[in-house]
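Have a look at the structure below, then the notes.
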Amino acid sequence: MSDTDRPALTTSAHMYLHFCEETDCNEWGSWGNSPSSAAPTRWWWFEHFPHKSYEQAQVLRLKLEAAERGADIQ
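Right, here's the structure in full:
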């Protein structure tokens, strides 16, 4: 099978926009979770993601505090 046998792409790829599930949050939902392939994926902004680990939450908190102080964020 060769890649040249495929027909040309007739439409451009679609960009899927999914926003945070949290009420009144308009941030882009980059963290998705679904209990199964039959259920639709729910999306959250990282700060609202309910399944993040303690370590991930600590790193986020430190970065947000540094940003408030105007420090460089790595």
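Mapping of the sequence shown onto our numbering: residues 1088 to 1161, in sequence order.
Beta carbons: idealized from backbone N, C-alpha and C, even for Gly.
Is residue i helix, strand or coil by DSSP?
i: R1129; result: strand
What number of angstroms, rounded off, separates the C-alpha of residue i from the C-alpha of residue j?
i: E1114; j: Q1145; result: 20 Å
i: L1149; j: S1123; result: 33 Å
i: A1154; j: P1137; result: 23 Å
i: P1068; j: Q1143; result: Summary: the structure shown does not reach residue 1068, with the chain confined to residues 1088 through 1161, and so no result is reported for it.
Could you pull out every residue in the same chain whose Cβ sits closer than 7 Å to the Cβ of residue i, ignoring the five residues on either side in sequence?
i: S1134; result: Before going further, note that residue 1134 is Glu rather than Ser in the sequence given. If we look at E1134 and ignore the five residues flanking it on each side, its Cβ neighbours are L1147.
Exposed or buried, what is residue i when buried is set at 16 or more other beta-carbons lying within 10 Å of its beta-carbon?
i: F1106; result: exposed
Along the chain, where does the alpha helix (DSSP H) that runs through residue i open and close?
i: K1150; result: Y1141 to R1156
Quick one: residues in its chain with C-beta nearer than 8 Å to the C-beta of residue i, no 5 flanking neighbours on either side, listed in chain order?
i: L1104; result: W1115
Just to confirm the assignment, what range does the beta strand (DSSP E) spanning residue i have?
i: G1116; result: Segment: none, G1116 is in no beta strand (DSSP E) and carries neither H nor E.
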